[in-house]
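The structure under discussion appears below in the form of structure tokens.
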Amino acid sequence: MIVASLVGAVCAPRAGLRSVLGGTAARTGDHRLWLESAALGLLVGAAVWALDALWLPWLGDGGRALAQAQQSASPGQRLALGMLYGGMTEEILARWGLMSLLLWGLSRCLGPGRVRWAAWGSIVLSALAFGCAHLPALALQVDMDAMLVARTLLLNGLGGVLYGWLFWRHHLEAAMASHALSHVALVACQLGFG
């Protein structure tokens with residue numbers, strides 16, 4: 000995490016990415032931005048839950064084992080871990096560190112006229128890496144197969160693209176807030192709908 004923090008501190012400003020705490024984004028009371036970040040986070044959390052609920056029955060024994068493993072921690076533990084580790088640590092690693100480096104590098108390679116291409120390339124690549132980073136934890140819980148890997152990459156990539164877009168368009172803290180609140184929706188859906 001120290002390396003990602005340092006990489007982000009160097010690359011993010013050079014890539015035009017911002018952070019309130021990093022001093023490169025204005026400290027404003029823009030309530031619309033926070034409401035947008037919150038709403039998008041809640042929406043993606045509910046979407047991830049719904050897609051997972053649809054997908055798990057098709058995964059056979061692996062899906063059943065994964066569903067049991069997901070319920071091994073209490074809702075409070077899942078919520079705290081998701082909000083703190085997901086909302087903060089994963090955003091520092093995947094967005095502040097990796098996405099900043101990718102955007103800076105792609106911007107230099109593609110040139111100034113291709114900033115949008117570089118931005119979307121860095122968003123998608125960092126979202127894919129974010130999904131891949133969840134595979135070792137999955138492997139500790141269940142015997143992996145191609146469908147479980149695809150599920151993990153898709154569901155985490157969905158959130159990763161949203162959080163990357165928020166980081167690019169606004170700032171890191173918007174991505175962090177959205178990521179944290181996606182875990183609120185995910186746990187709420189698990190409690191409310193099983």
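Counted from 1, the sequence shown has number 116 at position 117 by numbering that gives the first Met the number 0; the numbering is strictly sequential.
The C-beta atom is built at its ideal place from N, Cα and C for all residues, glycine as well.
Assess, as a yes-or-no matter, whether the stretch 115 to 135 is touched by the stretch 88 to 107 under the definition of 3 or more beta carbon pairs within less than 8 angstroms. yes
Could you pull out every unbroken alpha helix (DSSP H) segment of at least 4 residues lying fully inside the stretch 32 to 91, listed in chain order? 59 to 69, 74 to 80
Where do the N-terminal and C-terminal ends of the alpha helix (DSSP H) with P135 fall, by residue? Taking the sequence shown and counting its residues from 1, one reaches residue 135 at position 136. For P135, the enclosing alpha helix (DSSP H) has its first and last residue at 134 to 140.
Taking buried to mean at least 16 other C-beta atoms within 10 Å of its own C-beta, is M0 buried or exposed? Here residue 0 is taken as the residue at index 1 of the sequence shown, counted from 1. Burial call: exposed.
With the cut-off set at 8 angstroms, would you say L171 and R94 are in Cβ contact? Within the sequence shown, numbered from 1, the residue matching residue 171 stands at position 172. Within the sequence shown, numbered from 1, the residue matching residue 94 stands at position 95. Yes, these two residues count as a Cβ contact at 8 angstroms.
Just to confirm, are H169 and L32 a CB contact at a threshold of 8 angstroms? For this step, residue 169 is matched to residue 170 along the sequence shown. For this step, residue 32 is matched to residue 33 along the sequence shown. Against a cut-off of 8 angstroms, the Cβ pair of L32 and H169 comes out as a contact.
Once you ignore the five residues that flank W116 on each side, which residues in its own chain have a CB closer than 7 angstroms to its CB? As a first step, residue 116 must be located in the sequence shown, where it is residue number 117. Hits under 7 angstroms: L109.
By alpha-carbon positions, which one of G104, Q76, G159, L147 ends up nearest to A64? Taking the first residue of the sequence shown as position 1, residue 64 is located at position 65. It is L147.
Would you tell me roughly how many angstroms separate the C-alpha atoms of A11 and R17, rounded to the nearest one? As a working mapping, residue 11 is identified with position 12 in the sequence shown. As a working mapping, residue 17 is identified with position 18 in the sequence shown. If you take the alpha carbons of A11 and R17, they lie about 7 angstroms apart.
From this set, L100, V2, G44, which residue's C-alpha is nearest R13's C-alpha? In the sequence shown, the residue the question calls residue 13 occupies position 14. For the residues L100, V2, G44, the minimum Cα distance to R13 belongs to L100.
With A24 as the anchor, note down where its alpha helix (DSSP H) starts and where it stops. In the sequence shown, the residue the question calls residue 24 occupies position 25. Per DSSP, A24 belongs to no alpha helix (DSSP H) and is neither H nor E.
Measure the alpha-carbon distance for G104 versus A145 and round it to whole angstroms. Locating residue 104 in the sequence shown gives position 105, where the first residue counts as 1. Locating residue 145 in the sequence shown gives position 146, where the first residue counts as 1. For G104 and A145, the distance between alpha carbons rounds to 31 angstroms.
Mind checking S71: buried by the 16 CB within 10 Å criterion, or exposed? The count along the sequence shown starts at 1 and reaches residue 71 at position 72. Label assigned to S71: exposed.
Check each candidate in L97, A136, I122 and name the one with the smallest Cα separation from V2. The residue labelled residue 2 in the question sits at position 3 within the sequence shown. When only C-alpha atoms are compared, the closest one is L97.
To the nearest whole angstrom, what separates the beta carbons of W167 and I122, a pair I think is in contact under 8 angstroms? Here residue 167 corresponds to residue number 168 of the sequence shown, with the count starting at 1. Here residue 122 corresponds to residue number 123 of the sequence shown, with the count starting at 1. W167 to I122, Cβ: 6 angstroms. Contact.
State the Cα-Cα distance for the pair L78 and A37, rounded to the nearest angstrom. On the sequence shown, residue 78 is found 79 positions in, with the first residue counted as 1. On the sequence shown, residue 37 is found 38 positions in, with the first residue counted as 1. The alpha-carbon atoms of L78 and A37 are separated by roughly 15 angstroms.
Assuming contact is defined by CB atoms lying nearer than 8 angstroms, are A176 and G40 in contact in what I supplied? Here residue 176 is taken as the residue at index 177 of the sequence shown, counted from 1. Here residue 40 is taken as the residue at index 41 of the sequence shown, counted from 1. It is a contact, given that the beta carbons lie within the stated cut-off.
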